[in-house]
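Protein chains in written order, with UniProt numbering: chain D, 1 to 211; chain L, 1 to 211.
See below:
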């Protein structure tokens, strides 16, 4: 697995406070538009109008639309990880895994199962058509999978999870269940598919507990 | 679960042989374009040019673009189900489930893990923005999930799978693993995530076998 890094970190540090605020406003606006219309359905003029900035400001901060898409992927990943803390950093019990997945299911219910996953939707749209976005999405999924894997690894280190369990594979399986489950729930407008998908994988993880 | 039906079945039966061929050519062309560019990125003029038909022919057969998108969803579902037969109709052993999922993993490898799932990509793009497409996608996922559930139900009826196993939930979990696994594999350009995702769910199904 590649080390989870943010592609734009050094560049962001060079900005003034006002510059960072403008940049942030552009990214937030673009993220919101792309969440509803997709990256392909969101034009630079759309973002200009919604954020109240000029095209030259957008190009100044992001180089081109690809750069902006990459910043949106980072932004959505940051938002998701921040929202899921501190639980995301303590996924080292079956109960914590269930609670974490339940909260996401409740969040889907609260939204009428509309919207889907901010990162998954961009992944489905861009994985083949935009190589720089794909690299950003690899990092995004790694950053999201990493705390799952770490939690399982701590359970294993404490002797609670069998030494023969492949914690990296189990973490990937849970992330896949989350992604696939959210997609089915979005289509069916019911969180049942999501809950069944994550429950099957967590039950499977539970079967590796040392009794 | 709704009964898996094709929305356009009665209409198709009324067409002449030549009419069916033209309709089929339009749908196949639209499906190919939408697979690469998404439904939103594929215009009626694009389809006209690629299929060598007039706009009025497209509107004659499909009413509007929504009607065409719905026909593409049906077409992709038919193609997937036909391609996966006869294995799809005999998913009543752990070995058959593994073989079926392995074939899809090998197919992803053969395509360099590009493309993703024809139905999943449309689902991610259209579930929120096009209510008629969403209804078509519900039917598509039901048609795909149905043979998984049926296979598990036969195992249960034969007493091989525990009576307490929720075969509908397990079938949904496997479909979710397929969808989420394919998305992660598409992003990571490796079928490993897909294989780990489906393997976790099949291992979980296996834990319900009566020993």
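Where is the CB? At the ideal position from N, CA and C, for every residue including glycine.
DSSP state of residue i mapped onto helix, strand, coil
i                      : result
residue 91 of chain D  : coil
residue 211 of chain D : coil
residue 15 of chain L  : coil
residue 191 of chain L : coil
Chain L residues whose Cβ lies nearer than 9 Å to that of residue i
i                      : result
residue 204 of chain D : 200, 201, 203, 204, 207
residue 22 of chain D  : Near residue 22 of chain D there are no residues of chain L at all, since even the closest Cβ is about 29 Å away, more than 9 Å.
residue 32 of chain D  : Simply none; closest approach about 14 Å.
residue 132 of chain D : Those do not exist, as residue 132 of chain D stays about 13 Å from chain L at its closest Cβ, beyond 9 Å.
Cβ separation of residue i and residue j, assumed to be a contact under 8 Å, to the nearest whole Å
i                      : j                      : result
residue 173 of chain L : residue 196 of chain D : 5 Å
residue 144 of chain D : residue 77 of chain D  : 7 Å
residue 96 of chain D  : residue 151 of chain D : 7 Å
residue 176 of chain D : residue 67 of chain L  : Rounded, the Cβ-Cβ distance is 33 Å, inconsistent with contact.
residue 22 of chain L  : residue 57 of chain L  : 6 Å
residue 29 of chain L  : residue 55 of chain L  : Wrong, their Cβ atoms sit about 14 Å apart, outside the cutoff.
residue 98 of chain L  : residue 202 of chain L : 6 Å
residue 148 of chain D : residue 171 of chain D : 4 Å
residue 92 of chain L  : residue 191 of chain L : Not confirmed; about 25 Å, so no contact.
residue 127 of chain L : residue 41 of chain D  : About 14 Å; that fails the 8 Å criterion.
residue 204 of chain L : residue 204 of chain D : 4 Å
Nearest candidate by alpha-carbon position, reference residue i, set the options
i                      : options                    : result
residue 37 of chain L  : L/194, L/169, L/125        : L/125
residue 141 of chain L : D/150, D/133, D/187        : D/187
residue 130 of chain L : D/133, D/114, D/51, D/28   : D/114
residue 79 of chain D  : D/158, D/153, D/24, D/207  : D/24
residue 34 of chain D  : D/165, D/90, D/55, D/70    : D/70
residue 121 of chain L : L/206, L/73, L/16          : L/73
residue 210 of chain D : D/171, D/192, D/161, D/202 : D/161
residue 18 of chain D  : D/135, D/61, D/118, D/208  : D/61
residue 135 of chain L : L/92, L/149, L/119, L/86   : L/119
residue 63 of chain D  : D/109, D/163, D/26         : D/26
residue 155 of chain L : L/198, L/102, L/90, L/189  : L/90
residue 86 of chain D  : D/207, D/75, D/100         : D/100
residue 233 of chain D : D/44, D/165, D/32          : Residue 233 of chain D falls outside the range modelled here, since chain D spans only 1 to 211, and no answer is possible.
residue 111 of chain D : D/185, D/14, D/193         : D/185
residue 88 of chain D  : D/146, D/14, D/153         : D/146
residue 133 of chain D : D/107, D/65, D/52, D/94    : D/65
residue 123 of chain D : L/59, L/14, L/182          : L/182
residue 94 of chain L  : L/153, L/45, L/107, L/20   : L/153
residue 107 of chain D : D/15, D/44, D/45, D/194    : D/194
Contacts of residue i in chain D (Cβ-Cβ under 8 Å)
i                      : result
residue 178 of chain L : 180
residue 41 of chain L  : 40
Beta-carbon neighbours of residue i, restricted to chain D and to distances below 7 Å
i                      : result
residue 196 of chain L : 169, 172, 173
residue 162 of chain L : Neighbours of residue 162 of chain L on chain D: none; closest Cβ ~13 Å, over 7 Å.
residue 127 of chain L : 116, 186, 187
Under 8 Å by beta carbon: chain L residues contacting residue i
i                     : result
residue 76 of chain D : In chain order: nothing, as chain L lies at least about 14 Å away.
residue 90 of chain D : Simply none; closest approach about 22 Å.
residue 93 of chain D : What residue 93 of chain D touches in chain L: nothing, since even the nearest Cβ is about 18 Å away.
Contacts of residue i in chain L (Cβ-Cβ under 7 Å)
i                     : result
residue 97 of chain D : Here the premise fails: no neighbours, minimum Cβ distance about 13 Å.
Using a beta-carbon distance cut-off of less than 7 Å, what residues from the region 45–62 of chain L approach chain D?
none
Can you pull out the residues from the region 103–122 of chain L whose beta carbon lies closer than 8 Å to at least one beta carbon of chain D?
So the close ones are 114, 115, 116, 120, 121.
If contact means a Cβ-Cβ distance below 7 Å, which residues of the region 135–149 of chain L contact chain D?
137, 138, 141
Give me the subset of the region 184–195 of chain D whose CB atoms are less than 7 Å from a CB atom of chain L, sorted by chain position.
184, 186, 187, 188, 193
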